[in-house]
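Written out below as C-alpha cells is the structure these notes cover.
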Amino acid sequence: MKRWLPALVAMLMIPVPGITETALSARLDGTVLSGALTLPAAEADVRLVLIGESGSTRMELADFCAPLALSAGAAVAFSCDLSGETGTLSVREGEAGAVVATALTDEARSALLAGALRLQAYRAGGYDTPHLLAECAVEQAAAAMTVTSADVVDGVLADACGKKGTQKRNGIPTLSPALSVRNLPAGTAALAITMIDPDGHNWVHWLAANLPAKEEWPANASIDLADQMIQGENDFGFVGYGGPTPPSGTHTYVLTVYALSEPLALKTGFSLKSIRKALEGLVLSQAVLTADYRR
C-alpha cells in the first residue's frame with residue numbers, strides 16, 4: 001500500500017480537463033463597476049453585493065446590477081453604473097453595530113466608494129455564507145490627472161496674463177497663470193509645461209521643465225519661482241513666459257502639464273522641438289488646459 005501511495009497522490013494532483021475554478025474580478029472606474037465571473041457549475045440567478053469599509057463603518061450595496069445567469073465554466077462580463085439611485089444600501093457602525101438601511105444619496109454613494117471595496121457574488125436565496133459563491137477586492141482606476149487655473153474663467157484667460165496686462169518685458173506680457181494640478185500619478189519625479197498657440201502656427205509662449213511635483217503653482221511662477229525650473233525660449237525671443245498678444249480676433253491657447261518619471265536632460269533656452277524629443281518615454285501622464293484670449 002505504501003509504495004502505491006506516492007503514485008496515487010500524483011494522480012490526484014493532475015489537472016482534469018473540463019473542471020473550471022471560480023473566478024471573480026472587478027474594477028471601478030469613476031462610478032462604473034465592471035468585471036467578470038466564472039463558476040464551475042451553472043447558476044441562473046447570481047446577485048452582486050458591493051462592500052465598502054472605512055474605519056469602523058461598513059457599507060453594503062445590493063440590487064444595483066441585474067442578476068447574472070452563468071453556464072458552467074463560461075465567463076460572464078458585467079458592467080454597472082453606480083451613479084444612479086438603483087440599489088439597496090445598508091450601513092453598520094462597528095462590529096456589534098446595528099445594520100441600518102439608508103437612501104442611496106450622492107453623499108452616501110461617495111462615502112461608499114471612498115473606502116476599500118470588495119465585491120461578493122451570491123446565488124439566489126440569501127446574502128449569507130451558505131449562498132456566497134465568490135469574493136474579490138475591487139481594483140480602483142487611478143483618477144485622471146487634471147490641470148486648472150484660477151486665471152482661466154469660463155475658458156477665457158485673465159487679461160493680466162496677456163496683452164491687456166501691465167507686467168511686461170519690452171511690451172510682451174510676462175505674468176504666467178496660476179496652475180492647479182491634481183491626481184499626479186505615483187512615481188512622478190518632475191513636471192514639464194508647454195504653452196502654444198495653434199491659431200498662431202504653434203507660436204511658443206512658455207516652455208518649462210523639471211518643476212518639482214507640486215500641485216499648486218502661483219501666478220508669475222515663471223519669474224518668482226524661476227529657480228525651481230529650467231525654462232525654454234519662447235517665440236518672442238526670451239526665456240520664460242510670454243503671454244498672448246493675438247494680432248486680431250480670438251486665439252485659443254493650449255497649455256499642457258506633463259508628469260515625468262525623471263527630470264529632462266535639457267538646458268536653459270531649449271526649444272519646443274527639444275522638449276518634445278526629451279519627453280519621449282518619460283511621460284507618466286499629462287493634462288491639457290485650453291484658454292481663449294482676445295486682443
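Per our numbering, the very first residue in the sequence shown carries number 1; after that it's consecutive. Note that the Cβ used here is the ideal one computed from N, Cα and C, for glycine as well. Note that this is a predicted model, so its numbers are computed, not measured.
{"Query": "Going by other Cβ atoms of all chains shown within 10 Å of its Cβ, with 16 needed for buried, is E280 buried or exposed?", "Result": "exposed"}
{"Query": "In chain order, what residues of the same chain lie with their CB nearer than 7 Å to the CB of L68, ignoring the 5 residues before and after it?", "Result": "L37, V46, V76 and F78"}
{"Query": "Mind checking T245: buried by the 16 CB within 10 Å criterion, or exposed?", "Result": "buried"}
{"Query": "Please report how far the alpha carbon of G240 lies from the alpha carbon of Q231, in whole angstroms.", "Result": "6 Å"}
{"Query": "Using C-beta distances below 8 Å, list every residue in its chain close to V16, excluding the 5 sequence neighbours before and after it, in chain order.", "Result": "Note that V16 has pLDDT 40, beneath the 50 cutoff, so the model's placement of it is unreliable and the number below is only indicative. Within the same chain, V16 has no close Cβ partners at all."}
{"Query": "Whole angstroms are fine: how far does the CA of A26 sit from the CA of L133?", "Result": "15 Å"}
{"Query": "If you follow the beta strand (DSSP E) that L117 is part of, which residue opens it and which one closes it?", "Result": "A116 to R123"}
{"Query": "Is Q228 helix, strand or coil by DSSP?", "Result": "helix"}
{"Query": "Under 8 Å, with one C-beta from each stretch per pair, do the segment 247-265 and the segment 182-194 reach the 3-pair mark?", "Result": "yes"}
{"Query": "Should Q228 go down as buried or exposed, given a rule of 16 or more other Cβ atoms within 10 Å for buried?", "Result": "exposed"}
{"Query": "Under the assumption that L284 contacts C136 (Cβ atoms under 8 Å), give the Cβ distance between them as a whole number of angstroms.", "Result": "So it is not a contact: roughly 27 Å between Cβ atoms."}
{"Query": "Can you find at least 3 beta carbon pairs, one from the segment 197-208 and one from the segment 136-149, that sit closer than 8 Å?", "Result": "no"}
{"Query": "Is it buried or exposed for D128, if we count other Cβ within 10 angstroms and need 16 for buried?", "Result": "exposed"}
{"Query": "Quick one, which of S149, L112 and E43 has its alpha-carbon nearest R182's?", "Result": "S149"}
{"Query": "Give me the residue from G35, W217 and R109 with the minimum Cα distance to E53.", "Result": "R109"}
{"Query": "So the beta strand (DSSP E) S71 belongs to, where does it begin and stop?", "Result": "It is not in any beta strand (DSSP E) - S71 carries neither H nor E in the DSSP assignment."}
{"Query": "Relative to the C-alpha of E215, which residue among A143, A72 and S180 is closest?", "Result": "S180"}
{"Query": "Would P173 and G165 be called neighbours here (beta carbons separated by less than 8 Å)?", "Result": "yes"}
{"Query": "May I ask you to report which of helix, strand or coil DSSP gives D128?", "Result": "coil"}
{"Query": "The alpha helix (DSSP H) that contains S274, what's its start and end?", "Result": "L272 to L279"}
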